[in-house]
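**Student:** Before I ask anything, here is the structure I am working with.
There are 2 protein chains.
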Amino acid sequence: MIDVRDLYSDYRKYLNKEITVQGWIRSHRKQKEFGFIDFNDGTYQKNLQIVYDNKLTDFDSISKLKLGSAITVKGTLIESEGNQDFELKASYVKLEGDCMDDYPLQSKGRPTREFLREIAYLRPRTNLFNAIFRVRSVAAYAIHKYFQDNGYVYFHAPIITASDCEGAGEMFQVTTLDLDKVAKNGKVDYSKDFFNKKSSLTVSGQLQAETFALAYKKTYTFGPTFRAENSNTKIHACEFWMIEPEIAFCDLEGDMDIMEDMLKYIVKYVLDNCKEEMDLFDKFVEKGLIDKLTKLINSKFTRIDHKDVIKILKEAPVKWEFEPEYGEDIAKEHEKYITEYFNGPVFIKNWPKDIKAFYMKQNADGKTVAAVDLEVPGAGELMGGSQREESYEKLVKRMEELNMDKSSLDWYLNLRKYGGCVHSGFGMGFERLLIYLTGVDNIRDVIPYYRTPGNCDY
Amino acid sequence: MIDVRDLYSDYRKYLNKEITVQGWIRSHRKQKEFGFIDFNDGTYQKNLQIVYDNKLTDFDSISKLKLGSAITVKGTLIESEGNQDFELKASYVKLEGDCMDDYPLQSKGRPTREFLREIAYLRPRTNLFNAIFRVRSVAAYAIHKYFQDNGYVYFHAPIITASDCEGAGEMFQVTTLDLDKVAKNGKVDYSKDFFNKKSSLTVSGQLQAETFALAYKKTYTFGPTFRAENSNTKIHACEFWMIEPEIAFCDLEGDMDIMEDMLKYIVKYVLDNCKEEMDLFDKFVEKGLIDKLTKLINSKFTRIDHKDVIKILKEAPVKWEFEPEYGEDIAKEHEKYITEYFNGPVFIKNWPKDIKAFYMKQNADGKTVAAVDLEVPGAGELMGGSQREESYEKLVKRMEELNMDKSSLDWYLNLRKYGGCVHSGFGMGFERLLIYLTGVDNIRDVIPYYRTPGNCDY
Numbered sequence: 333m334i335d336v337r338d339l340y341s342d343y344r345k346y347l348n349k350e351i352t353v354q355g356w357i358r359s360h361r362k363q364k365e366f367g368f369i370d371f372n373d374g375t376y377q378k379n380l381q382i383v384y385d386n387k388l389t390d391f392d393s394i395s396k397l398k399l400g401s402a403i404t405v406k407g408t409l410i411e412s413e414g415n416q417d418f419e420l421k422a423s424y425v426k427l428e429g430d431c432m433d434d435y436p437l438q439s440k441g442r443p444t445r446e447f448l449r450e451i452a453y454l455r456p457r458t459n460l461f462n463a464i465f466r467v468r469s470v471a472a473y474a475i476h477k478y479f480q481d482n483g484y485v486y487f488h489a490p491i492i493t494a495s496d497c498e499g500a501g502e503m504f505q506v507t508t509l510d511l512d513k514v515a516k517n518g519k520v521d522y523s524k525d526f527f528n529k530k531s532s533l534t535v536s537g538q539l540q541a542e543t544f545a546l547a548y549k550k551t552y553t554f555g556p557t558f559r560a561e562n563s564n565t566k567i568h569a570c571e572f573w574m575i576e577p578e579i580a581f582c583d584l585e586g587d588m589d590i591m592e593d594m595l596k597y598i599v600k601y602v603l604d605n606c607k608e609e610m611d612l613f614d615k616f617v618e619k620g621l622i623d624k625l626t627k628l629i630n631s632k633f634t635r636i637d638h639k640d641v642i643k644i645l646k647e648a649p650v651k652w653e654f655e656p657e658y659g660e661d662i663a664k665e666h667e668k669y670i671t672e673y674f675n676g677p678v679f680i681k682n683w684p685k686d687i688k689a690f691y692m693k694q695n696a697d698g699k700t701v702a703a704v705d706l707e708v709p710g711a712g713e714l715m716g717g718s719q720r721e722e723s724y725e726k727l728v729k730r731m732e733e734l735n736m737d738k739s740s741l742d743w744y745l746n747l748r749k750y751g752g753c754v755h756s757g758f759g760m761g762f763e764r765l766l767i768y769l770t771g772v773d774n775i776r777d778v779i780p781y782y783r784t785p786g787n788c789d790y
Numbered sequence: 333m334i335d336v337r338d339l340y341s342d343y344r345k346y347l348n349k350e351i352t353v354q355g356w357i358r359s360h361r362k363q364k365e366f367g368f369i370d371f372n373d374g375t376y377q378k379n380l381q382i383v384y385d386n387k388l389t390d391f392d393s394i395s396k397l398k399l400g401s402a403i404t405v406k407g408t409l410i411e412s413e414g415n416q417d418f419e420l421k422a423s424y425v426k427l428e429g430d431c432m433d434d435y436p437l438q439s440k441g442r443p444t445r446e447f448l449r450e451i452a453y454l455r456p457r458t459n460l461f462n463a464i465f466r467v468r469s470v471a472a473y474a475i476h477k478y479f480q481d482n483g484y485v486y487f488h489a490p491i492i493t494a495s496d497c498e499g500a501g502e503m504f505q506v507t508t509l510d511l512d513k514v515a516k517n518g519k520v521d522y523s524k525d526f527f528n529k530k531s532s533l534t535v536s537g538q539l540q541a542e543t544f545a546l547a548y549k550k551t552y553t554f555g556p557t558f559r560a561e562n563s564n565t566k567i568h569a570c571e572f573w574m575i576e577p578e579i580a581f582c583d584l585e586g587d588m589d590i591m592e593d594m595l596k597y598i599v600k601y602v603l604d605n606c607k608e609e610m611d612l613f614d615k616f617v618e619k620g621l622i623d624k625l626t627k628l629i630n631s632k633f634t635r636i637d638h639k640d641v642i643k644i645l646k647e648a649p650v651k652w653e654f655e656p657e658y659g660e661d662i663a664k665e666h667e668k669y670i671t672e673y674f675n676g677p678v679f680i681k682n683w684p685k686d687i688k689a690f691y692m693k694q695n696a697d698g699k700t701v702a703a704v705d706l707e708v709p710g711a712g713e714l715m716g717g718s719q720r721e722e723s724y725e726k727l728v729k730r731m732e733e734l735n736m737d738k739s740s741l742d743w744y745l746n747l748r749k750y751g752g753c754v755h756s757g758f759g760m761g762f763e764r765l766l767i768y769l770t771g772v773d774n775i776r777d778v779i780p781y782y783r784t785p786g787n788c789d790y
């Protein structure tokens, strides 16, 4: 069996030879003596044109094959007189699986993305979603390749956990308790639960990844993470995949070097390996996408302190919806302004301590932490990272200030007692990256089966 | 900074040059005029010997550095007069992070694996676990590389799901309901739960993967799956990673071809890329491991029907604990016998319908399904797969026989109505593979932070 992708990569290799293809009918036109099938096998964006004529004994039955049906075709690849370079002159067409008339993907008109979400199990059969999920696959591989080629150890962080990384963040509870019985008995007995205690789905594998960084020097996670946030926005899903590298003997500057290098690598890899798909996005989803990404690869990312960003924002000739303030977070409008101001990606670093997580390295000024967010033009925050606090005493003090439970994180604290060292890491939401890479602006369209409040289909 | 791995791959490149290394002290011997540090940075099994002498002004403080401490060392790489080829003559040693005296990994004696499970966050710092989790990382990459190089699309199956793949299998429930309130109110109201219905952690991504196979032709999953089984065995964990390829236009024979090809590829990749680690396992964990794996790569896997296996077992001159029977599953002792009988891996195919899952292709005999298990010498069942039933009517009938809820799987059934075709797939538990690859026989030792009944630490 030959893939349509093989034909498009070098059709001359197969010219005038007999080949077999297997796939699906995208459209079908019949004439008196000829029939034309637009054939797609999912391996490539473009269709293969199949021509058959009434010399075939089963011409009549072939000519009745319906859109969506699965077929096997044998024939000779010939040069085409039509719009395409080549076509397959069929000597044999076999129906493998029929398609009923209520098939939702009829050829007339382009279905909306909202409609396709309702039939998510069929949408990878459309050109757009075929491209999106292929890019998802290739980008995932690029991430693994980048880290493995650079000596990182892939770490599978635990999914079910009894500790809460952020000290905040809404979590999903995981249980084998029979809730009907809980209701009936009028009490919750965690000693009867599967782990003999309350457990949840992880919101981040970072804390555990630090244990690997302090053993292997370089590690990364790539796995699903969960937030039970009741957010119905275009960029929030409650189940999403995250990449969290963690590096020992690496400070905040080194962290930014890696973030920049990794992002450029992934973008270049996808541009190089998904040309057809990227062309499709550039044409139909986000005009100028390829230019945007090419520019990113060739740009030097700006590095600037949070307080200097606030200064620029305050001095900007703009009427803000949210007034920028020292010591506070920045809003979407500020992110947008600052990437336009520097005409490229911007690392905003050294953030106010009070709005960042407990594990971040406390700077000498007593007010800021060695945290960094990467803002990219057209997408806002794409990654966040920090140097981690390596002082046992400072970390304990910070946890106490925040009324955090130290006992469940004793192992994490111990890392600072047993050969701890300067170390840093960052997190990148995989779907945020995909939104940036494809121009598809709704997270529901870059996850095969998305989970959002009230949605858990398939 | 130079990795110790770089030095061992070609130390002559660095000979008589000044280099900087960063890592941890594995052991430390001091003499009057010299000190020797066994230095390890986690990138390689072997240590780098560091030599320093009392010409250094801080000789006294260096000589007090403790095992487990993190250090930066500058010096010149020289040829060694001792057991190793090279050593680092230090000109500068800086303490990056001290190590307290209660550090559990002291150099005396080799800690047991049971003890190390109690301090799982430190065990990747030992040679054995450094090797195990590096092999885990490299094997994971080999899997991605195999499928990506062969044109498969990586599919992220949903983790939280409202459907139950096996129609059996204990599942973990996922909820945002406040259980204390459930107990107080005396009733469970799923309309208030996050997804407005009962949801669980996936036991398999196969059914969803089929939707991708029927769009892309070839797809694979690689993600965490969950079983809330109260099994305290060496090979059961309730959170484990699984690989589930799914291929359209592929029958059971084709499925076996892929299983065999994939396994040989992974084994070869790990042998080629983890020589030091495999040597360690061969020496200290399973004598003959490398021979076993090399033999696998070079063997042709036997393919035999379940009923013929039973015949062989029945005729065997063995007193069985469990008597082999036509129409029934086989036991561990049978698996062992049959791989020894054929002196290599064995595909057992065409299993009795009643002991296999609903979605498996029903054979013409009315009694068996086109299912296959791969049995490998020394590990038993490593993978299981099947051709999938592509007939809508047969699938519906089978689900009705098993009293399954069809409504939540309407999308799965529809795949048979909309251009369905012969397709097959299989599943491989990643940890089972790792047990086979490393010889480490307890699943708790091949997962960084394992989850078993009552265990949810870190």
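Protein chains in written order, with my numbering: chain A, 333 to 790; chain B, 333 to 790.
Each residue gets a CB set at the ideal place from its N, CA and C atoms; glycine is no exception.
With distances taken between CB atoms, is the gap from E657(A) to I687(A) smaller than 8 Å?
**Tutor:** For the purposes of this step, residue 657(A) is taken as the residue at position 325 of the first sequence. For the purposes of this step, residue 687(A) is taken as the residue at position 355 of the first sequence. It is not a contact, given that the beta carbons lie outside the stated cut-off.
**Student:** Just verifying my parser: in three-state terms, what is the DSSP assignment at E428(A)?
**Tutor:** Walking along the first sequence from the start, residue 428(A) turns up at place 96. Looking at E428(A) - three-state DSSP - the assignment turns out to be strand.
**Student:** DSSP beta-bridge partners for M736(B)?
**Tutor:** Your numbering for residue 736(B) matches position 404 in the second sequence. Answer by DSSP bridge pairing: none, since M736(B) is not bridged.
**Student:** Can you pull the chain B residues whose beta carbon is under 9 Å from the beta carbon of W683(A), in chain order?
**Tutor:** Residue mapping note: residue 683(A) aligns to position 351 of the first sequence, counting from 1. What W683(A) touches in chain B: nothing, since even the nearest Cβ is about 25 Å away.
**Student:** Distance, Cα to Cα, N462(B) vs A471(B)?
**Tutor:** Taking the first residue of the second sequence as position 1, residue 462(B) is located at position 130. Taking the first residue of the second sequence as position 1, residue 471(B) is located at position 139. Going by the C-alpha atoms only, they are around 14 Å apart.
**Student:** Taking N282(A) as the query, report the chain B residues whose CB atoms sit under 7 Å from its CB, ordered along the chain.
**Tutor:** Outside the displayed range of chain A (333 to 790) lies residue 282(A), so it cannot be described from this structure.
**Student:** When you check each C-beta in the stretch 696–720 of chain A against every C-beta of chain B, which residues fall closer than 9 Å?
**Tutor:** Flagged: no residues at all.
**Student:** Looking at C-alpha atoms only, which residue of I644(B), F690(B) and L621(B) is the closest neighbour of Y744(B)?
**Tutor:** Reading the second sequence from its first residue, position 412 is the one you call residue 744(B). Of I644(B), F690(B) and L621(B), the residue nearest in Cα terms is F690(B).
**Student:** Does F371(B) come within less than 8 Å of chain A when only Cβ atoms are used?
**Tutor:** Residue numbering aside, residue 371(B) sits at position 39 when the second sequence is read from its first letter. Closer than 8 Å: no.
**Student:** Using C-beta distances below 7 Å, list every residue in its chain close to N695(B), excluding the 5 sequence neighbours before and after it, in chain order.
**Tutor:** The sequence position of residue 695(B) within the second sequence is 363, counting from 1. So the qualifying residues of the chain are N682, V701 and A702.
**Student:** Determine contact between the stretch 516–528 of chain B and the stretch 448–468 of chain B, defined as no fewer than three beta-carbon pairs at a distance below 8 Å.
**Tutor:** These segments do not touch.
**Student:** Compare the C-alpha of R344(A) against each of E419(A), V405(A) and F526(A) and name the closest.
**Tutor:** Position 12 of the first sequence, counted from the first residue, corresponds to residue 344(A). It is E419(A).
**Student:** Would you tell me roughly how many angstroms separate the C-alpha atoms of K406(A) and G374(A), rounded to the nearest one?
**Tutor:** The residue labelled residue 406(A) in the question sits at position 74 within the first sequence. The residue labelled residue 374(A) in the question sits at position 42 within the first sequence. Each residue's alpha carbon lies about 18 Å from the other.
**Student:** Closest Cβ-Cβ distance between H568(A) and chain B: below 8 Å?
**Tutor:** Here residue 568(A) corresponds to residue number 236 of the first sequence, with the count starting at 1. So no, H568(A) is outside the interface.
**Student:** Please list, in chain order, the chain A residues whose beta carbon lies closer than 9 Å to that of R449(B).
**Tutor:** As a working note, residue 449(B) is residue 117 in the second sequence. Chain A residues near R449(B): none, gap ~13 Å exceeds 9 Å.
**Student:** Which ranges does the alpha helix (DSSP H) cover as unbroken runs of at least 4 residues, wholly within the stretch 741–774 of chain A, from first to last along the chain?
**Tutor:** Counting whole runs of 4 or more residues, the stretch 741–774 of chain A contains the alpha helix (DSSP H) stretches 742–746 and 762–770.
**Student:** What's the C-alpha gap between Q354(A) and I334(A)?
**Tutor:** Taking the first sequence and counting its residues from 1, one reaches residue 354(A) at position 22. Taking the first sequence and counting its residues from 1, one reaches residue 334(A) at position 2. Approximately 8 Å, taken between the alpha carbons.
**Student:** At which residues does the beta strand (DSSP E) containing I622(B) begin and terminate?
**Tutor:** Position 290 of the second sequence, counted from the start, is the residue given in the question as residue 622(B). Looking at the DSSP string, I622(B) is not in any beta strand (DSSP E); the run it does join, the alpha helix (DSSP H), is L621 to N630.
**Student:** Could you work out which residue in W652(A), F391(A), S495(A) and Y340(A) is closest to L427(A) when comparing CA atoms only?
**Tutor:** For the purposes of this step, residue 427(A) is taken as the residue at position 95 of the first sequence. If we check each option's Cα against that of L427(A), F391(A) comes out closest.
**Student:** Please name the residue in E665(B), K398(B), N564(B) and K549(B) whose C-alpha comes closest to that of L645(B).
**Tutor:** The residue given as residue 645(B) occupies position 313 in the second sequence. Residue E665(B) is the option with its Cα nearest to L645(B).
**Student:** Please work out which residues of its chain come closer than 8 Å, Cβ to Cβ, to S531(A), disregarding the five sequence neighbours upstream and downstream, and give them in chain order.
**Tutor:** Here residue 531(A) is taken as the residue at index 199 of the first sequence, counted from 1. Once the five neighbours on either side are set aside, the close Cβ partners of S531(A) are I492, T493, A494, Q505, V506, T507 and D525.
**Student:** Scan the stretch 333–367 of chain A for residues whose Cβ lies nearer than 8 Å to a Cβ of chain B and list them as they occur along the chain.
**Tutor:** Going along the stretch 333–367 of chain A in chain order, one finds M333, D335, R337, Q354, G355, W356 and I357 with a Cβ nearer than 8 Å to chain B.
**Student:** Put V650(B) into one of helix, strand or coil per three-state DSSP.
**Tutor:** What you label residue 650(B) is simply residue 318 of the second sequence in a count that begins at 1. Reduced to three states, the DSSP call for V650(B) is coil.
**Student:** Is there a Cβ of chain B sitting closer than 8 Å to that of T375(A), yes or no?
**Tutor:** Stepping through the first sequence from its first residue, residue 375(A) is reached at position 43. Closer than 8 Å to some Cβ of chain B, the Cβ of T375(A) qualifies, so yes.
**Student:** With a CB to CB cut of under 8 Å and the five nearest residues on each side skipped, what residues in its chain are close to L741(A)?
**Tutor:** Counting from one through the first sequence, the residue named residue 741(A) turns up at place 409. Excluding sequence neighbours, L741(A) sits near S495, L539 and M731.
**Student:** Cβ closer than 7 Å: which chain B residues qualify as neighbours of R445(A)?
**Tutor:** The residue you call residue 445(A) lines up with position 113 of the first sequence. Chain B residues near R445(A): none, gap ~16 Å exceeds 7 Å.
**Student:** Residues of chain A with a CB under 7 Å from the CB of V754(B): which are they?
**Tutor:** On the second sequence, residue 754(B) is found 422 positions in, with the first residue counted as 1. The answer, in chain order, is E428.
**Student:** I'd like to know if the stretch 622–634 of chain B and the stretch 673–682 of chain B are in contact, where contact means that at least 3 CB-CB pairs between them fall below 8 Å.
**Tutor:** Verdict: yes, contact present.
**Student:** Could you confirm whether any beta carbon from chain B is found closer than 8 Å to the beta carbon of S275(A)?
**Tutor:** Since the first and last residues shown for chain A are 333 and 790, residue 275(A) lies out of range.
**Student:** Report the three-state DSSP secondary structure of R783(B) (helix, strand or coil).
**Tutor:** Within the second sequence, the letter at position 451 stands for residue 783(B). Correct three-state label for R783(B): coil.
**Student:** Are any of the Cβ atoms in chain A nearer than 8 Å to that of W652(B)?
**Tutor:** Taking the first residue of the second sequence as position 1, residue 652(B) is located at position 320. False, the Cβ-Cβ gap to chain A never drops below 8 Å.
**Student:** If you measure between the beta carbons of K529(A) and Y522(A), is that distance less than 8 Å?
**Tutor:** The residue given as residue 529(A) occupies position 197 in the first sequence. The residue given as residue 522(A) occupies position 190 in the first sequence. Cβ distance < 8 Å, so K529(A) and Y522(A) count as in contact.
**Student:** For I475(A), which three-state DSSP category applies?
**Tutor:** To locate residue 475(A), count along the first sequence from 1; it is residue 143. I475(A): helix per DSSP, three-state reduction.
**Student:** Report the three-state DSSP secondary structure of L509(A) (helix, strand or coil).
**Tutor:** The count along the first sequence starts at 1 and reaches residue 509(A) at position 177. In this structure, L509(A) counts as coil in the three-state DSSP scheme.
**Student:** Should R764(B) be flagged as near chain A, meaning a C-beta pair shorter than 8 Å?
**Tutor:** As a position in the second sequence, residue 764(B) is number 432, starting the count at 1. Not an interface residue.
**Student:** If we ignore side chains and look at the alpha-carbon of each, how far apart do C606(A) and Y346(B) end up?
**Tutor:** Sequence index remark: in the first sequence, residue 606(A) carries index 274 (1-based). Sequence index remark: in the second sequence, residue 346(B) carries index 14 (1-based). C606(A) and Y346(B): Cα-Cα distance of roughly 40 Å.
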